[in-house]
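Chains A and B, in that order, are what the protein sequence lines are. Taking full-length UniProt numbering, I'd label the letters of the first sequence as residues 1 to 346. Taking full-length UniProt numbering, I'd label the letters of the second sequence as residues 1 to 260. Virtual Cβ for every residue (Gly too), placed ideally from N, Cα, C.
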Amino acid sequence: MTVARPPSPGGVHAVHRRRLLVLAVLFTTLAVAAVLSIMIGAKPIPPADVWHGLVSPSGTENDIVIRSLRVPRTVIGIMAGVALGVAGALMQGHTRNPLADPGLLGVTQGAAFAMVLSILVLGVTGLYGYIWFGLAGALIASVGVFALGMVSGRGGPTPVTLALAGTAVSAFLYALTSTMVLMDEQAMDVFRFWQSGSIAARGPDVAWQVLPFIAAGLLLALVNAPALNALSLGEDVARALGQNVTLTRTLGVAAITLLSGASVAACGALSFLGLMVPHLARPLSGPDHRWLLPYSGLLGACALLLADVAGRVVARPGELEVGVVLAMLGAPFFIALVRRRKPVRL
Amino acid sequence: MRLQAVDVRLGYGDRIIVDGLDLGIEAGTVTTIIGPNGCGKSTLLRALGRLLKPAGGEVLLDGKRIDRMPTKEVAKVLGVLPQAPTAPEGLTVADLVARGRHPHQTWYRQWSSDDESAVSEALSMTGLLDLGERPLDELSGGQRQRAWISMALAQGTDLLLLDEPTTFLDLAHQVEVLELVRRLHGELGRTVVMVLHDLNLAARYADRLVAMRGGKVIAAGTPAEVLTESLLSEVFDLDAKVIEDPVAGTPLVVPIGVRH
Chain A
1 MTVARPPSPG GVHAVHRRRL LVLAVLFTTL AVAAVLSIMI GAKPIPPADV
51 WHGLVSPSGT ENDIVIRSLR VPRTVIGIMA GVALGVAGAL MQGHTRNPLA
101 DPGLLGVTQG AAFAMVLSIL VLGVTGLYGY IWFGLAGALI ASVGVFALGM
151 VSGRGGPTPV TLALAGTAVS AFLYALTSTM VLMDEQAMDV FRFWQSGSIA
201 ARGPDVAWQV LPFIAAGLLL ALVNAPALNA LSLGEDVARA LGQNVTLTRT
251 LGVAAITLLS GASVAACGAL SFLGLMVPHL ARPLSGPDHR WLLPYSGLLG
301 ACALLLADVA GRVVARPGEL EVGVVLAMLG APFFIALVRR RKPVRL
Chain B
1 MRLQAVDVRL GYGDRIIVDG LDLGIEAGTV TTIIGPNGCG KSTLLRALGR
51 LLKPAGGEVL LDGKRIDRMP TKEVAKVLGV LPQAPTAPEG LTVADLVARG
101 RHPHQTWYRQ WSSDDESAVS EALSMTGLLD LGERPLDELS GGQRQRAWIS
151 MALAQGTDLL LLDEPTTFLD LAHQVEVLEL VRRLHGELGR TVVMVLHDLN
201 LAARYADRLV AMRGGKVIAA GTPAEVLTES LLSEVFDLDA KVIEDPVAGT
251 PLVVPIGVRH
């Protein structure tokens with residue numbers, strides 16, 4: 001037995017200070033990762049030129065590389081990383097399942113199906129076209145999953161009915177996608193790259209396209225955080241505390257759909273990030289979602305950018321797609337993490 | 001009547017457990033519901049706490065239909081502690097108790113000095129002030145149960161529904177929890193409804209007993225009125241002698257069994 005400190009106002013403030021400090025460290029790490037992401041690539045750019053290109057561009061070759069390639073790529077990386085990190089934490093919180101990832105709602109396969117369909121049937125070419133279809137596919141699939149979960153669960157969807165419906169819908173869409181991809185070579189090509197997940201070669205327009213969805217998703221997540229704290233004590237306790245459980249779940253699913261749908265449409269299947277990041281954030285934040293969600297978002301962005309930079313370094317002068325790097329670095333890391341700490345109960 | 005069930009029909013899906021039941025809870029009393037496993041006592045408690053919506057009939061809180069009141073407003077008056085609740089790993093006692101303040105918070109104003117004082121009051125009431133920073137999963141069963149009760153206390157409601165608050169506790173810890181309930185009633189004038197399995201403790205700590213079987217109320221009244229030998233046989237199919245508790249003077253049930 002250890003002698004415990006009584007909770008004093010000082011103790012509460014110390015906890016608060018520590019949380020703000022962690023937040024500051026995460027922001028700093030993200031800033032460093034962003035600078036590295038702008039500096040490192042097929043053409044290395046010195047820090048002084050990065051500053052020049054960002055603050056007072058004068059049309060030098062480096063300025064053009066920075067402004068038309070590296071900055072958009074970095075911005076999309078940050079947006080997708082934040083979105084997937086927050087979506088992952090929301091998903092694990094709502095399902096109370098530490099192995100849940102945002103793809104569980106069918107967004108990934110929904111986006112894949114709609115993209116391939118648009119190529120095959122409508123002859124859509126070019127990334128911007130696919131993104132709208134991917135986004136629509138992700139939204140429709142997850143609304144479908146939610147509706148199925150609602151019908152099969154009494155009094156609103158439960159985590160179990162959502163997971164079952166998500167798995168079924170994903171499997172069904174995957175079968176359709178595979179059939180289409182096997183029929184069409186061009187669709188196959190797009191699908192192959194999309195499936196591994198990348199943030200390369202996406203202009204600023206892509207960031208603008210998905211920004212409203214990610215912003216809306218983050219806003220919903222913010223509103224959802226205190227309710228999720230109540231829900232993490234069980235549905236009965238949450239109801240006893242005056243929380244409308246069905247409303248909370250609906251808002252949560254909407255946030256997850258917007259966040260993961262937007263990032264999946266823009267960057268392809270990266271949902272492993274959403275599974276992994278909350279496990280990194282939880283030891284820093286504890287079980288309070290008001291801190292877990294922002295920490296997960298920042299860590300998601302850091303992880304995505306650093307993995308992307310690593311992918312540019314290891315395969316010079318070419319590069320490895322960030323989805324591949326994330327899975328290769330993340331898997332052993334994740335295994336070590338799970339082995340070191342006893343499995344979390346949510 | 002603070003809380004009233006009027007002709008309620010309760011169940012899960014097609015399985016109806018309670019049908020046509022009426023029950024009233026007077027202000028400022030401790031009521032304990034007893035009955036064999038599966039008789040519907042927890043189901044009834046969940047309905048009284050609006051955790052379960054009746055398939056028929058209605059539940060009234062201060063004369064108003066509870067399902068038509070905003071759930072957050074209900075949560076400021078009525079606290080419910082379900083059976084064997086679970087918390088996420090690593091949650092500290094103080095954090096758990098702070099979550100009892102949920103109905104008093106809005107998403108833009110998360111913490112106030114009212115919250116602060118309600119939490120420390122609840123912790124000191126249950127004797128957990130020194131354990132506030134400890135994770136819940138490091139506590140003993142009795143301490144953990146007290147922490148959950150603290151959470152319900154921090155909610156600041158004058159009506160409290162407790163579903164088997166003494167399950168999994170040894171006798172000393174059961175008494176400790178029930179003494180706490182008695183103090184809530186005596187010192188703070190709270191109205192408490194709970195489900196208990198131990199008939200002798202129920203008799204000792206309740207003003208009113210409600211005995212249920214097969215979804216019906218078989219008897220309701222003071223412990224001395226309810227806990228009779230004929231009722232025990234009717235409700236529990238139990239042959240028992242009822243004598244006077246030498247300590248409290250309340251009925252004491254001594255089961256007979258086959259070998260005696």
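Secondary structure of residue i, DSSP reduced to three states
i        : result
Arg5/A   : A caution first: Arg5/A carries a pLDDT of 41, below 50, which makes its placement in the model unreliable, though a value can still be read off. In the structure shown, Arg5/A sits in coil (DSSP, three-state: anything other than H, G, I, E or B).
Ile66/B  : helix
Asp198/B : coil
Pro88/B  : coil
Lys41/B  : helix
Gly137/A : helix
Gln243/A : coil
Val247/B : coil
Met212/B : strand
Pro102/A : helix
Glu58/B  : strand
Pro317/A : coil
Gln186/A : helix
Val253/B : strand
Val6/B   : strand
Val77/B  : coil
Thr29/A  : helix
Distance CB(residue i)-CB(residue j) smaller than 8 Å
i        : j        : result
Leu252/B : Ile243/B : yes
Met224/A : Thr71/B  : Reading off the sequence, residue 224/A comes out as Asn, not Met. No, the pair does not count as a contact, with Cβ atoms beyond the cut-off.
Pro294/A : Leu23/A  : yes
Ala75/B  : Leu251/A : no
Leu78/B  : Leu61/B  : yes
Ile78/A  : Ala301/A : yes
Ala136/A : Ala114/A : yes
Arg9/B   : Gly49/B  : no
Ala262/A : Ile214/A : yes
Ala207/A : Leu173/A : no
Gly234/A : Pro85/B  : yes
Ala203/B : Thr250/B : yes
Thr166/B : Leu184/B : no
Leu131/A : Ala265/A : The amino acid occupying residue 131/A in the given sequence is Ile; Leu does not appear at that position. A contact, by the Cβ cut-off of 8 Å.
Thr257/A : Ala138/A : yes
Residues that residue i contacts on chain A, provided the C-beta gap is smaller than 8 Å
i        : result
Gln105/B : Pro226
Leu51/B  : Asp236, Arg239, Ala240
Arg99/B  : Asn229, Ala230, Leu233, Leu241
Asp95/B  : Gly286, Pro287, Asp288
Pro85/B  : Leu233, Gly234, Asp236, Val237
Pro82/B  : Gly234, Asp236, Val237, Ala240
Contacts that residue i makes with chain B (C-beta to C-beta distance below 7 Å)
i        : result
Ser232/A : Pro88
Val223/A : Trp107
Start and end residues, alpha helix (DSSP H) containing residue i
i        : result
Lys72/B  : 71 to 74
Tyr174/A : 159 to 183
Pro212/A : 204 to 231
Ile64/A  : 61 to 65
Gly142/B : 141 to 154
Residue i: contacting residues in chain A (beta-carbon distance under 9 Å)
i             : result
His102/B      : Pro226, Ala227, Asn229, Ala230, Ala238, Leu241, Gly242, Gln243
residue 262/B : Nothing about residue 262/B can be reported from this structure: the residues present for chain B run from 1 to 260 only.
Gly79/B       : Ala240, Leu241
Limits of the unbroken beta strand (DSSP E) element including residue i
i        : result
Thr108/A : Thr108/A -> not in any beta strand (DSSP E); alpha helix (DSSP H) instead, spanning 107 to 121.
Ile34/B  : 30 to 34
Leu178/B : Not the beta strand (DSSP E): Leu178/B falls in the alpha helix (DSSP H), residues 171 to 188.
Residues near residue i by beta carbon distance below 8 Å, same chain, minus five either side
i        : result
Thr126/B : Arg146, Ala147, Ile149, Ser150, Leu153, Leu180
Gly214/B : Cys39, Gly40
Same chain, Cβ closer than 6 Å to residue i, neighbours up to 5 away in sequence not counted
i        : result
Gly156/B : Ala118
Pro159/A : Thr95
Leu21/A  : none
Arg19/A  : Trp291
Gln4/B   : Gly24, Leu60
Sequence-distant residues of its chain with Cβ nearer than 7 Å to residue i (five each side left out)
i        : result
Lys216/B : Leu21
Leu299/A : Leu26, Gly85, Val277, Leu280, Ala281
Gly323/A : Ser196, Gly197, Ser198, Gly268, Ala269, Leu270
Ala100/A : Met91, Gln92
Val181/A : Val116, Ala187, Met188, Phe191
Contacts of residue i in chain A (Cβ-Cβ under 7 Å)
i             : result
residue 261/B : There is simply no residue 261/B to check, as chain B begins at 1 and stops at 260 in what is shown.
Leu3/B        : The contacting residues do not exist; Leu3/B stays about 14 Å from chain A at best.
Arg15/B       : Chain A residues near Arg15/B: none, gap ~11 Å exceeds 7 Å.
message: To be precise: take each residue of the region 262 to 289 of chain A, compare its Cβ to all Cβ atoms of chain E, and keep it if any distance is under 9 Å. Which residues remain?
response: In the structure shown, chain E does not exist; the protein chains are A and B.
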